[in-house]
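Take the sequence shown: its position 4, counting from 1, is numbered 3 in numbering that gives the first Met the number 0, and each next residue is one higher.
Structure first, commentary second.
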Amino acid sequence: MREFKGRVIAGGCVSAEALVSHGGLNTLASFQKALQFGDKNATCGDQNNPDLYGKQMAGKALCLPMTIGSTTGGLVLYCACAMKRQPACMLFSKPIDSLAAAGSVLADVWLDDVTMPVIDSLGDEFLDYVKDGMTVTVKENGIVCVD
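Next up, the structure:
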């Protein structure tokens with residue numbers, strides 16, 4: 000087991016199966032099917048992300064370097080949470096961008112029955128270590144354990 004320390008963007012504790020992307024997450028392209036067409040598994044629809052394309056994101060510990068894409072990124076994350084199609088947590092190796100942070104924080108503040116812990120600045124070592132299917136546990140104070 001390895002432990003990593005990052006910065007808490009949205010708090011909470013959770014344990015989930017890792018889903019790893021070494022490329023940036025285009026939030027709109029990735030969650031479009033979940034938001035527009037009722038895909039409750041939030042199957043990634045971004046053909047430009049071979050690590051995630053066609054895989055279920057809902058309920059997974061989404062491990063990635065950063066988000067990319069349009070200014071709708073924060074709203075997409077908020078809507079995924081509101082529709083209960085969000086990842087179990089989002090874990091960033093790099094600092095989070097302001098749009099993704101805004102969506103995560105708004106979901107944390109405005110949605111009473113939804114939790115999606117978000118931790119950033121976990122470092123490149125985190126993304127090199129974690130693999131699909133590993134168990135990831137988010138603890139208080141930005142501690143992330145990977146088994």
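Yeah, the Cβ is synthetic: ideal placement off N, Cα and C, and Gly gets one too.
Notebook entry, point to check: Counting along the chain, where does the alpha helix (DSSP H) carrying F36 start and finish?
Noted result: Premise fails: F36 is in no alpha helix (DSSP H) and is neither H nor E.
Note to self: Going by the DSSP bridge assignment, what does R1 pair with across the sheet?
What the structure shows: V145
Check: Which partner residues of S14 appear in the DSSP bridge assignment?
Finding: T136
Item checked: Candidates A101, A87, A106 and D107, of which the one nearest V135 by Cα -> A87
Checklist line | Residue range of the alpha helix (DSSP H) that includes V75 | finding: G72 to A81
Check: Where does V113 sit, in a helix, a strand or coil, going by DSSP?
Finding: coil
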